[in-house]
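Protein chains: 2
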Amino acid sequence: MTNDTTNSETHSETGAFSDPIDAVRPDDLRLEKFLPYRLSVLSNRVSNAIADAYSARFDLTIPAWRVMAILGRFPNLSAADLVEQTAMDKVAISRAVSILIKNDYITRSEDLADRRRQVLNLSELGRDVYERIVPLAQQYENDLMGSLSADERNQLDSIIEKLMARAQDWANRGLID
Amino acid sequence: MTNDTTNSETHSETGAFSDPIDAVRPDDLRLEKFLPYRLSVLSNRVSNAIADAYSARFDLTIPAWRVMAILGRFPNLSAADLVEQTAMDKVAISRAVSILIKNDYITRSEDLADRRRQVLNLSELGRDVYERIVPLAQQYENDLMGSLSADERNQLDSIIEKLMARAQDWANRGLID
DNA sequence: CGGCAGTGGTTACAATTGAAACCAATCTTA
DNA sequence: TAAGATTGGTTTCAATTGTAACCACTGCCG
């Protein structure tokens, strides 16, 4: 597994050149220290584990579960409202909703005031599932957070906010440079 | 931002109610505070921004770029070695490699000692691209990290390690419960 | 009213991803 | 050295996801 035999610790002095021309060569990128990469690996590990748990027990995908999580707290939302709350896109919401309806986890009713809108709610069954799944989710959260100290938990919270804001900037203002 | 109003700090003491019936209702889950969700949103934002940058400038996908990043530091790896280094799976590596070869970014040569293995390396062109893309990646990294203090950067580093280890446990020991 | 821009939501299609089957070479062991 | 197990890597097929086009309805403006 962890055979780091080839890990050349030090900044690769490929040739041991004294020649300044060599200065053009950029430092190597250490992928395992590269934040975007680490975030991606971490997020995938966590999401996959949880997705397995949800699907094994409730036959729910993550997008579907997210929709339920929001509807559990905020009844009578439309799909557009969900888009706003979840940072998922239209299509993902639409698909999740249609699965949930097929499973009778949520109900859909027309909004008489605006007949384009559809008002969504957890069904009896859906609330049932919701109430069993929330503790499960919290258990995962607690287990993750349990590996951190109280200080670290607070730090993480504010760090994530900052990184999120910066990444959001990228999307808005266009990319760097 | 940091509104912890509903954070019931203590381990949910489900009892303590005057009306036991009511005890059945779980606390709502606040998706926007749920770590797996936040990680996923953050990671996606970051990855998408960077993927755009790479593909716009070098016609590279993220998996392909990762392969190049590793080969830039460690020449003469096989696909299996790459699997180990990148936490990507066989198939993803195989696909990335075949794209990179088509683009003449890497070369593939048979390993005479073991004719199943193929030894991979950056081509001239590939190293060229590598040397231009590394600074770009570092720029993104710096920009992200720039939103944090030096302390926070260190904290983040160790927090990620801890979370990663915990999530890894899940995968190994099987899920919680 | 009549048209036309904007919104809510779904459908259709292409690209990406994942899982399992697969081929070929090597290693093991009898 | 032959048979089965293992390893390196690719292919195939299904599921997931993203993008763009689309339909139905509303709201606005002449």
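Top line first, the protein sequences correspond to chains A and B.
Following the working numbering, the numbering of the first sequence begins with 1 at its first residue and continues without gaps.
Following the working numbering, the numbering of the second sequence begins with 1 at its first residue and continues without gaps.
Beta carbons: idealized from backbone N, C-alpha and C, even for Gly.
All values reported here derive from a predicted model rather than from experimental measurement.
If you draw a straight line from the Cα of Ala171(B) to the Cα of Ile106(B), it comes to about 33 Å. Using a 10 angstroms sphere on the CB of Val91(A), the tally of other CB atoms stays under 16, which defines it as exposed. For Leu82(B) against Ile70(B), the beta-carbon gap comes to about 6 Å, under 8 Å, which counts as contact. The beta-carbon separation of Arg166(A) and Leu144(B), rounded to 6 Å, stays under the 8 Å limit for a contact. When secondary structure is reduced to three states using DSSP, Ser149(A) falls in the coil class, being assigned neither helix nor strand.
Taking CB atoms only, Gly126(B) has no neighbour in chain A less than 8 Å away. Looking only at Thr61(B), Arg57(B), Val41(B), the smallest Cα-Cα distance to Ile160(A) is reached by Val41(B). Among the residues of the segment 107-120 of chain B, none has a Cβ less than 7 Å away from any Cβ of chain A. Between the segment 133-143 of chain A and the segment 105-124 of chain B there are fewer than three inter-stretch CB-CB distances shorter than 8 Å, so the stretches are not counted as touching. With respect to the 8 Å criterion, Glu124(B) and Gln118(B) are not classified as neighbours on the basis of their beta carbons.
At a cut-off of 8 Å between beta-carbon atoms, Pro36(B) makes contact with chain A.
For Asp27(B), the C-beta contacts it makes with chain A under 8 Å involve Val134, Gln138, in order along the chain. Using a Cβ-Cβ cut-off of 8 Å, Ala167(B) is close to Leu42, Arg45, Val46, Ala49, Leu144 of chain A, given in chain order.
For the set Val67(A), Lys33(A), Ala150(A), the Cα lying nearest the Cα of Gln85(B) is the one of Lys33(A). The alpha-carbon of Leu35(A) is positioned some 7 Å away from that of Glu141(B). A direct Cα-Cα distance of roughly 8 Å separates Arg30(A) from Arg73(B).
If you ignore the 5 residues before and after Pro75(B), its C-beta comes within less than 7 Å of the C-beta of Asn121, all in its own chain and listed in chain order. The C-beta distance from Val67(A) to Val97(A) rounds to 6 Å, short enough to fall under 8 Å.
Closer than 8 Å to the CB of Arg95(B) there is not a single CB belonging to chain A. Interface annotation, Thr61(B): not in contact with chain A, CB-CB separation never under 8 Å. Listed as beta-bridge partners of Asn121(B) by DSSP are Thr107(B). Met164(B) has its alpha-carbon roughly 15 Å from the corresponding atom of Met88(B).
Of the other Cβ atoms in all chains shown, 16 or more fall within 10 Å of the Cβ of Gly126(B); this residue is therefore buried. Straight-line spacing of the CA atoms in Asn48(A) and Ser149(B) works out to 31 Å. A direct Cα-to-Cα measurement between Asn154(A) and Asp151(B) gives close to 13 Å.
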